[in-house]
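Chains as they are written, first to last, in our numbering: chain S, 2 to 336; chain B, 507 to 869; chain Z, 14 to 89.
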Amino acid sequence: MADTILMAHGSGGKLAHRLVEDLIMPAISGTDPARLDDSAIIELRGRMAFTTDSYVIDPIFFPGGDIGKLAVCGTTNDLSMSGARPLYMSLSFIIEEGLPVSDLKRILESIHSAADEAGVRIVTGDTKVVDHGNADKLYVNTAGIGTIPTGVDISGANIRPGDKVILSGTIGDHGIAIMSKREGLQFGTNLLSDCAPLNKLVEDMIGASDNIHALRDPTRGGLATTLNELCLQSGTKVVVEEKKIPIRDEVAAACEMLGLDPMYVANEGKLVAFVTPSDAGKVLSAMRLNKYGTDSAIIGEVEEPDEAPSVVMKTLLGTSRLIDILVGDLLPRIC
Amino acid sequence: MKYASEFRQGKLAGGVVASISRASRRPVTFMEFCGSHTVAIFRYGIRQVLPKTVTTVSGPGCPICVTANSDLDKAIALALIPGVILASFGDVLRVPGSKTSLQSVRAEGADIRVVYSAMDAVRIAQQNPDQRVVLLGIGFETTAPTIAAAILQAEEMGLRNFTVLSWHKLCPPAIKALLDAGDVALDGLICPGHVSAITGAAAWEFIAQDYGIPCVVSGFEPLDILHCIDMLVAQAENGQAKVEIAYRRGVQQNGNVTAQHLMETVFESCDADWRGMGTIPHSGLRLREDYARFDADREFTIVPGPTREPQGCICGDVLRAVKTPVDCPLFGKSCTPETPVGACMVSSEGSCFTYYLYGGKNG
Amino acid sequence: MCVAVPALVRSIEGELATVELGGINQQVSLRLTPEVKVGDYVIVHTGYAINVLDQEEAEETLRLFEQMANAAEEGR
């Protein structure tokens, strides 16, 4: 195997085959090499959840993970948020010529680990290589399929006034872990991205209650953006309490330094759930027993809307203010 | 977080609010000059806990909001020069100039890098000796000394490819111009805490003495701001007009003399254009002759093209507290955070952005 | 216009200091505050310490807030 990825690795010829057989196939589980046809054949029963995503994160390696782990977890979580059991994934790479093979190896190992943990099988994929400068090291695209158990109906549209809002843990970990490695923003921290597959957590939650109305993972745009999307989808008012929202000291400190509001910082291993009030306690207990939900907390509740759906924060001072959706990029401010 | 979290304790806020409510009889209007104070006031819903007799209005202390279109156009023109790396603090990128923004120009290939510190820009210059680094020097007296320090550092390192485009402005002349214009009647000034850390509380003496307006220097945590308002109310009720420091842990009477000296070594005052307020004499900073080789204005021939002001935008009136964001016909309609028309809506400290984010379309 | 945070000076290396805030470490310039000592708290703005924080005044201010809170309680 060469040291770096070359254009020929994507051309479909000998080098490309070597790449797939020697490097990619051993790393991903779930496919019998003898059955390497153009499409994977799977049989499913019942309602199917289907999702797709592309991953273009920079840097591709970050504290707590890499683009590979992110791709598996992101896809798994998208499926889980509909209450689906994630089953199969596709995995496509667009590689910039010159990427060290050792980097690709590391990422493939990461993918293997994450898929194992999630119990998801990668059954089909594709590899393309583009000229140096036409991609930023590596882009990953995925599609995921899962099945939704009978009787499970989880959607933002189901949110009702009275629902309790439960958050599975601390906010802002991923975004700040990424920023800590960016040029010019380097600060020393042991903070890791919270990138994680949440499907087992969701299974535990559904096992505890039939009355989970909605689930969502607050990724780009942070918790604030996700809550806004949900309140619009359901036409309700969501009220959260600042003092109840779990946040690590380091994340809070980094946000202070950079002039960022943690409500808008990305997460990759958290979810927010909307549950009927009578079941909130049961769901919370089940979440806290799962390793990805130990810091779970009830952070607020749903009310009838005012003139328009809105998200309101009860501040540390006991006053109320609106929380809007993130606009543009989250740029550190100095003033 | 030590010396931050303690000043956010909700349970202590009640005590300060009670003190304000007990003392406040006459209706008073206080201005918070500084954009960071505006953000804090809205973020913690401070207006909701104040008695009806106390009103706060936001002033023009947002360095981004008051940067004139012509200055932005200059920066954009610089970024387009081949071989130039433009270094900027993040929030400047989205501000619209006459035709486009730094963010758009970056998307088209200009080398524009977000820096968190002036030191980063010096490092970029050191690491890229074949390119010319231009740092956008934006900010008031809090930031100007850091830019001055960076210029001196570049001088010590013998760098020949580092320049600063100075947009720095000074607060006291702007406040003076505001008061002289007589558009808004103020009963007190919430003075900027970190500008004061540099200049000293003494910088505001002229406001108390010449204009008879109470001044209290405030920190940025919710308890700090309430404390400041409590002291302003006390002065107003007692018919006093003096300069006091509420933010005693961060500010002294004479300020940071080292920082002042750094500023004076590198910069001299000049007239400056403030968006919405026109030219204010001696309100800007430019590099002294001795540092000409670090001055982007002198080192480059900049051809920005004609300046165009956005139609219908009343940012100027909002900055001078003559109007509030909700008075603007564009607010919440054609001018929103997603589609900003004026600087007050782009800057994360702008009045319009803050009103929109924390108060919604209805302010 | 002044996003600045208080941080503890852990060590000094020439004109730079390693400061800590909430578990995060950062290198800041002491060019504006050369008199800083290890153990001081400084106010950090864009990677520079702009002033030394007066810890006694901080405690004094907090005590004042406690007094006001007690007065409000009693006044009820």
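All C-beta atoms, glycine included, are put in the ideal place defined by N, C-alpha and C.
Because the structure is a prediction, the values reported are computed rather than measured.
Measuring straight from C-alpha to C-alpha, what distance separates GLU242 of chain S and THR220 of chain S?
One-based indexing of the first sequence puts residue 242 of chain S at position 241. One-based indexing of the first sequence puts residue 220 of chain S at position 219. Distance between the alpha carbons of GLU242 of chain S and THR220 of chain S is about 20 Å.
What do you get for ALA646 of chain B, buried or exposed, if any count of 16 or more other CB atoms within 10 angstroms of its CB means buried?
Looking up residue 646 of chain B in the second sequence gives position 140. Note that residue 646 of chain B is Phe in the sequence shown here, rather than Ala. Buried is the call here.
When you check each C-beta in the stretch 596 to 627 of chain B against every C-beta of chain Z, which residues fall closer than 7 Å?
TYR622, SER623, ALA624, MET625
What do you get for LEU290 of chain S, buried or exposed, if any count of 16 or more other CB atoms within 10 angstroms of its CB means buried?
For the purposes of this step, residue 290 of chain S is taken as residue 289 along the first sequence, with counting starting at 1. With fewer than 16 other Cβ atoms within 10 Å, it is exposed.
Candidates B:GLU815, B:SER672, B:ALA742, B:CYS776, of which the one nearest VAL640 of chain B by Cα
Along the second sequence, one-based indexing puts residue 640 of chain B at 134. Cα-wise, what sits closest to VAL640 of chain B is B:SER672.
On the CB-based measure, 16 or more other CB atoms within 10 Å of its CB, does ALA167 of chain S come out buried or exposed?
As a working mapping, residue 167 of chain S is identified with position 166 in the first sequence. As written in the sequence, residue 167 of chain S is Ile, which differs from the Ala given in the question. ILE167 of chain S comes out buried.
Hey, is the stretch 51 to 68 of chain S in contact with the stretch 126 to 140 of chain S, meaning 3+ C-beta pairs nearer than 8 Å?
yes
Just the C-alpha distance for TYR717 of chain B and VAL809 of chain B, rounded to the nearest angstrom, thanks.
As a first step, residue 717 of chain B must be located in the second sequence, where it is residue number 211. As a first step, residue 809 of chain B must be located in the second sequence, where it is residue number 303. Between TYR717 of chain B and VAL809 of chain B, the C-alpha separation is close to 42 Å.
For the beta strand (DSSP E) containing ASP579 of chain B, list its first residue and its last residue.
Locating residue 579 of chain B in the second sequence gives position 73, counting from the first residue. Looking at the DSSP string, ASP579 of chain B is not in any beta strand (DSSP E); the run it does join, the alpha helix (DSSP H), is 575 to 585.
Assigned secondary structure, LYS245 of chain S (DSSP; H/G/I helix, E/B strand, else coil):
Position 244 of the first sequence holds residue 245 of chain S. In the structure shown, LYS245 of chain S sits in a helix (DSSP, three-state: H, G or I).
Considering only C-alpha positions, which residue in the set B:ALA747, B:LYS682, B:THR649 is nearest to VAL701 of chain B?
Here residue 701 of chain B corresponds to residue number 195 of the second sequence, with the count starting at 1. Among B:ALA747, B:LYS682, B:THR649, the Cα nearest to that of VAL701 of chain B belongs to B:THR649.
Interface partners of GLU79 of chain Z on chain B, CB under 9 Å:
Translated into the one-based positions of the third sequence, residue 79 of chain Z becomes position 66. Residues of chain B passing the Cβ test: LEU518, GLY521.
Evaluate ARG217 of chain S with the Cβ neighbour count: other Cβ atoms within 10 Å of its Cβ, from every protein chain shown; 16 or more gives buried, anything less gives exposed.
Sequence index remark: in the first sequence, residue 217 of chain S carries index 216 (1-based). Classification of ARG217 of chain S: buried, given that the 10 Å Cβ count is 16 or more.
Please report the residue range of the alpha helix (DSSP H) in which LYS682 of chain B lies.
By 1-based counting over the second sequence, the position of residue 682 of chain B is 176. Unbroken alpha helix (DSSP H) run through LYS682 of chain B: 677 to 687.
Under 7 Å from the C-beta of ILE188 of chain S: neighbouring residues of chain Z:
Translated into positions along the first sequence, residue 188 of chain S becomes position 187. Sequence inspection shows Phe at residue 188 of chain S; the Ile mentioned does not correspond to that position. ILE37, ASN38, GLN39, listed in chain order.
With a cut-off of 8 Å, does the C-beta of ALA267 of chain S fall near any C-beta of chain Z?
Position 266 of the first sequence holds residue 267 of chain S. Cβ-Cβ to chain Z under 8 Å: no for ALA267 of chain S.
Starting from ARG638 of chain B, trace the alpha helix (DSSP H) in both directions and tell me its first and last residue.
By one-based count along the second sequence, residue 638 of chain B stands at place 132. Note, ARG638 of chain B: premise wrong, no alpha helix (DSSP H); beta strand (DSSP E) at 638 to 643.
The beta strand (DSSP E) with ALA215 of chain S in it runs from where to where?
Counting from 1 along the first sequence, the entry for residue 215 of chain S is found at position 214. Looking at the DSSP string, the run of the beta strand (DSSP E) that includes ALA215 of chain S is 213 to 217.
Are the CB atoms of PHE275 of chain S and ILE146 of chain S nearer to each other than 8 Å?
Locating residue 275 of chain S in the first sequence gives position 274, counting from the first residue. Locating residue 146 of chain S in the first sequence gives position 145, counting from the first residue. No, the pair does not count as a contact, with Cβ atoms beyond the cut-off.
Determine the direct distance from the alpha carbon of THR535 of chain B to that of ALA849 of chain B, and round the result to whole angstroms.
Translated into the one-based positions of the second sequence, residue 849 of chain B becomes position 343. Translated into the one-based positions of the second sequence, residue 535 of chain B becomes position 29. For ALA849 of chain B and THR535 of chain B, the distance between alpha carbons rounds to 25 Å.
State yes or no: is the beta carbon of ALA17 of chain Z nearer than 8 Å to at least one beta carbon in chain B?
Along the third sequence, read from residue 1 onward, the residue named residue 17 of chain Z stands at position 4. Output row for ALA17 of chain Z: interface = yes.
Using C-beta distances below 7 Å, list every residue in its chain close to THR227 of chain S, excluding the 5 sequence neighbours before and after it, in chain order.
Here residue 227 of chain S refers to the residue found at position 226 when the first sequence is read from its first residue. These residues qualify, in order along the chain: ARG217, PRO219, VAL273.
Under 8 Å: do the stretch 79 to 86 of chain S and the stretch 171 to 186 of chain S share three or more Cβ pairs, one atom per stretch?
no
When Cβ atoms are compared, which residues of the stretch 54 to 67 of chain Z fall closer than 7 Å to chain B?
TYR54, ILE56, HIS58, THR59, GLY60, TYR61, ILE63, ASN64, LEU66, ASP67
When you compare each of B:THR813, B:GLU855, B:PHE548, B:ASP803 to THR606 of chain B by their alpha carbons, which one comes out closest?
Translated into positions along the second sequence, residue 606 of chain B becomes position 100. Minimum Cα distance to THR606 of chain B is reached at B:THR813.
Mapping DSSP to helix, strand and coil, what is MET537 of chain B?
As a working note, residue 537 of chain B is residue 31 in the second sequence. Reduced to three states, the DSSP call for MET537 of chain B is strand.
Residue burial classification, GLY294 of chain S (beta-carbon count within 10 angstroms, cutoff 16)
Here residue 294 of chain S corresponds to residue number 293 of the first sequence, with the count starting at 1. Per the 10 Å Cβ criterion, buried.
To the nearest angstrom, how far is the alpha carbon of ALA82 of chain Z from that of SER24 of chain Z?
The count along the third sequence starts at 1 and reaches residue 82 of chain Z at position 69. The count along the third sequence starts at 1 and reaches residue 24 of chain Z at position 11. Distance between the alpha carbons of ALA82 of chain Z and SER24 of chain Z is about 37 Å.
According to a CB-to-CB cut-off of less than 8 Å, which residues of the stretch 652 to 673 of chain B neighbour chain D?
Any reference to chain D falls outside this structure, whose protein chains are S, B and Z.
Give the interface partners of LEU34 of chain Z over in chain S, defined as CB-CB distance under 8 Å, in chain order.
For the purposes of this step, residue 34 of chain Z is taken as the residue at position 21 of the third sequence. Going along chain S in sequence order, the residues near LEU34 of chain Z (Cβ under 8 Å) are ALA254, GLU257, MET258.
Between GLU251 of chain S and chain Z, is the shortest Cβ-Cβ distance under 8 Å, so that the two count as touching?
By 1-based counting over the first sequence, the position of residue 251 of chain S is 250. Closer than 8 Å to some Cβ of chain Z, the Cβ of GLU251 of chain S qualifies, so yes.
Determine contact between the stretch 759 to 774 of chain B and the stretch 722 to 740 of chain B, defined as no fewer than three beta-carbon pairs at a distance below 8 Å.
no
Beta-carbon within less than 6 Å of THR705 of chain B's beta-carbon, same chain only, minus the 5 sequence neighbours each way: which residues are those?
Taking the first residue of the second sequence as 1, we reach residue 705 of chain B at position 199. Cβ within range, chain order: GLU647, GLY761.
Chain-ordered chain Z contacts of GLU512 of chain B [CB-CB under 7 Å]
As a working note, residue 512 of chain B is residue 6 in the second sequence. Those within 7 Å of GLU512 of chain B in chain Z are LEU75.
Select from the stretch 838 to 869 of chain B all residues with a C-beta closer than 9 Å to any C-beta belonging to chain S, and list them in chain order.
THR842, PRO843, GLU844, PRO846, VAL852, SER853, SER854, GLU855, PHE859, TYR862, LEU863, TYR864, GLY865, GLY866, LYS867, ASN868
Whose C-beta lies closer than 6 Å to the C-beta of THR125 of chain S among residues of the same chain, with five residues either side of it excluded?
By 1-based counting over the first sequence, the position of residue 125 of chain S is 124. Answer for THR125 of chain S: ALA41, SER91, listed in chain order.
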